[in-house]
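Number of protein chains: 2
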Amino acid sequence: MQDSKTLIERFNKDLSELDFGKTPKNLYDPIYYSINVGGKRIRPLLCLMACELFDGIYEDCISAALGIEIFHNFTLLHDDMMDKALVRRGKPVVHVKWDENIALLSGDAMSVIAYKYICKSKNNLRDILEVFSKTALEICEGQQYDMNFETTTNVSEEQYLKMIKLKTAVLLAASLKIGAITANTTKKNTEYISSFGENLGMAFQLQDDLLDTFGNPEIFGKEIGGDIIANKKTYLLIKALELASKEQKQKLNYWLSNKDFNPKEKIEDIIYIYKELNVHKHSENLMNKYFETAFDSFDKLEVAYSKKEVLYNYAHSLKQRDF
Amino acid sequence: MQDSKTLIERFNKDLSELDFGKTPKNLYDPIYYSINVGGKRIRPLLCLMACELFDGIYEDCISAALGIEIFHNFTLLHDDMMDKALVRRGKPVVHVKWDENIALLSGDAMSVIAYKYICKSKNNLRDILEVFSKTALEICEGQQYDMNFETTTNVSEEQYLKMIKLKTAVLLAASLKIGAITANTTKKNTEYISSFGENLGMAFQLQDDLLDTFGNPEIFGKEIGGDIIANKKTYLLIKALELASKEQKQKLNYWLSNKDFNPKEKIEDIIYIYKELNVHKHSENLMNKYFETAFDSFDKLEVAYSKKEVLYNYAHSLKQRDF
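Respectively, the protein sequence lines represent chains H and E. For the first sequence, the working numbering gives the first residue as 678, with consecutive numbering after it. For the second sequence, the working numbering gives the first residue as 678, with consecutive numbering after it.
As structure tokens, this is what we get:
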């Protein structure tokens, strides 16, 4: 059983040594670029930790963990195109550094490469593929809902939670589940760890939205207020629109419909309303509820307490994160 | 053993009855639309015929055949975006009928759905997945080379043949190979049928280029001269540039560099040069060489002569096609 620091170093080394192909250069270069631009590697770590938790070995699980991380990076690449983002992790995105067509096609190739690694899984391949394909499709659904929200004025809390479940939570759940399946654990444990992952994922996304608005830009690694500027239908905004007085609603709608604005002013004004309405508290409460449900499932795992430590500590570090 | 008419009807029925998902509607509608817009279903037919040729059964092969056809349609959807095409098979393409983001994302979902069906293959799943992923990646490489050719002035015959091999021929080869693997035939037969498919695919693409320029528009189903207007580096153009006199080369380069032109005039002028240089004959000769090599491999298949009839006749009908 390896601690998270050892695991992440080993994973990053394995990831950096992969050889996907070389020519045509402008197909493969963006793939290496996307993967090596960094990231917290949360999903593959969860996958590997779940595997080791149930006495599986790193070697049996690494190819699935690599496939999951490559797939995740593929979704970021195409999402950035759809969102017309310019920068990710402080670096220009692929469709800016190269062009739209290259971003489209290298994304397609990454998705195939992701499957290629998933398919190298040694144990229970059919089960792993079923979980992976189901999840991959749900992620597409989540992204489509997210895009649809851009032109929807009344997104309900329920719709929002369904969207983040599909877009974010299911992949965290699947990562853990695939690790568990690789290790051949019981059905019960597989379901508990999957439920742990899904609730962790929900909490994680609510936290991400909170950090985007209330985080420390120096630690968070990007500008604060991106969601506000883009009129993203986050939990904060949905809750604010729900709780707002007539006057506050007018102000919010003014900023949501105004296309020509001073970004700093818009951010400050909306954060002011959020604070008046205490929506960050609502969001924190819901986030904590998801963390609690996650750890309830975690407690139910039928495995020696000492083995749980690595994954437990790692999940807790995610809870405490400010990045 | 079923004849090609029975097979195509059965396949189309199975394809039309698939349920991929329903919501969000604007993710799934374009997928049903892309798949039901029609097509010759060459790849799944080859796959099913190869399976039955080696005594495999339809039921064991249908999911792979469906996956291959869905993947092929996914590549068309994204290729149409890259080519900024407006119409396919007489109908508006997805990124026109819906929009760019929807086309991007439903294409991504189609690629996952394709894998989902491939993964349902009953026999020799690992072998099938290996062939499929390798091929899928090669198709991406082929498309990237094709795009790179748009801004390359001197594309050699060799480069062109490598491109069409990757973009078109390998999927025909893989379709047959996967059918053969499903049927558990010998390694030798698997290699022969794969070589048959690759050479058939090369011939098929050369024929496609010929039809685009010299076909009968009423039978071909689209306007003639699309490749000429788009300055596509086809075998015809590459050969023409190679054989052209100084004067002919000047004329060709005039049309290739002129951005403001009368389409009809450009097509007529270039076809005139093609005819002067007899490039369609060169292309036909090369095409026939590939057909011959294909049928040489076909002859080597170690299987009772009577069983070969269906696939032989079908491949011959492709050779004779004018659509």
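The beta-carbon is built from N, C-alpha and C at its ideal position, and this holds for glycine as well. A quick note: this is a predicted structure, and the numbers were derived from the prediction, not measured.
{"Query": "Residues from the stretch 957 to 970 of chain E in contact with chain H, defined by Cβ distance under 9 Å", "Result": "none"}
{"Query": "Supposed contact pair residue 818(E) and residue 929(H) - C-beta distance, whole angstroms, cut 8 Å", "Result": "Actually they do not touch by this definition, with Cβ atoms about 49 Å apart."}
{"Query": "Cβ-based neighbour list, residue 715(E), same chain, cut-off 7 Å, excluding 5 preceding and 5 following", "Result": "766"}
{"Query": "C-alpha gap between residue 737(E) and residue 701(H), whole angstroms", "Result": "36 Å"}
{"Query": "Other residues of its chain near residue 843(E): CB distance less than 7 Å, five sequence neighbours each side excluded", "Result": "815, 816, 818, 819, 822"}
{"Query": "Own chain, CB closer than 6 Å to residue 859(E), minus 5 neighbours either side, in chain order", "Result": "728, 733, 737, 738, 800"}
{"Query": "is_contact[residue 700(H), chain E] using C-beta, thresh 9 Å", "Result": "yes"}
{"Query": "Span separating the alpha-carbon of residue 743(E) from that of residue 880(E)", "Result": "24 Å"}
{"Query": "Continuous beta strand (DSSP E) assignments of at least 3 residues falling wholly in the stretch 693 to 776 of chain H", "Result": "none"}
{"Query": "Buried versus exposed call for residue 981(E) [16 or more other C-beta atoms within 10 Å across all chains shown]", "Result": "exposed"}
{"Query": "Beta-carbon neighbours of residue 755(H), restricted to chain E and to distances below 8 Å", "Result": "781, 782, 785"}
{"Query": "Selected residue, minimal CA-CA separation from residue 952(H), among 918(H), 969(H), 979(H)", "Result": "918(H)"}
{"Query": "Where residue 890(H) sits in the DSSP three-state scheme", "Result": "helix"}
{"Query": "Residue nearest to residue 782(H) in terms of C-alpha spacing, selected from 754(H), 792(H), 793(H), 761(H)", "Result": "754(H)"}
{"Query": "Simplified DSSP state of residue 927(H), which is helix, strand or coil", "Result": "helix"}
{"Query": "Residue 977(H) to residue 874(H) span [Cα, whole Å]", "Result": "13 Å"}
{"Query": "Cβ-based contacts, 8 Å cut-off: residues of the stretch 789 to 804 of chain E near chain H", "Result": "789, 790, 792, 793, 796, 802, 803"}
{"Query": "Chain E contact residues for residue 824(H), given Cβ-Cβ distances below 7 Å", "Result": "778"}
{"Query": "Beta-carbon proximity check, residue 741(E) vs residue 795(E), cutoff 9 Å", "Result": "yes"}
{"Query": "Reduced DSSP category for residue 986(H) - H, G, I as helix; E, B as strand; rest coil", "Result": "helix"}
{"Query": "Under 7 Å from the C-beta of residue 810(H): neighbouring residues of chain E", "Result": "789, 792, 793, 796"}
{"Query": "Inter-residue spacing [alpha-carbon to alpha-carbon] between residue 770(E) and residue 908(E)", "Result": "21 Å"}
{"Query": "Same chain, Cβ closer than 7 Å to residue 763(E), five either side skipped, listed in chain order", "Result": "769, 770, 773"}
{"Query": "Contact set between the stretch 817 to 843 of chain H and chain E, restricted to residues whose Cβ is under 7 Å from the partner", "Result": "817, 818, 820, 821, 822, 824, 825"}
{"Query": "Which of helix, strand or coil DSSP assigns to residue 978(E)", "Result": "coil"}
{"Query": "Sequence-distant residues of its chain with Cβ nearer than 7 Å to residue 746(E) (five each side left out)", "Result": "692, 718, 720, 721"}
{"Query": "Chain-ordered chain H contacts of residue 1005(E) [CB-CB under 7 Å]", "Result": "Absent from the model: residue 1005(E). The displayed extent of chain E is 678 to 1000, so no value can be given."}
{"Query": "Chain H contact residues for residue 703(E), given Cβ-Cβ distances below 8 Å", "Result": "821, 825"}
{"Query": "Contact list for residue 806(E) against chain H, beta-carbon separation under 7 Å", "Result": "796"}
{"Query": "Within-9 Å CB hit, residue 758(H) to chain E", "Result": "yes"}
{"Query": "Per-residue DSSP class, three states only, for residue 902(H)", "Result": "coil"}
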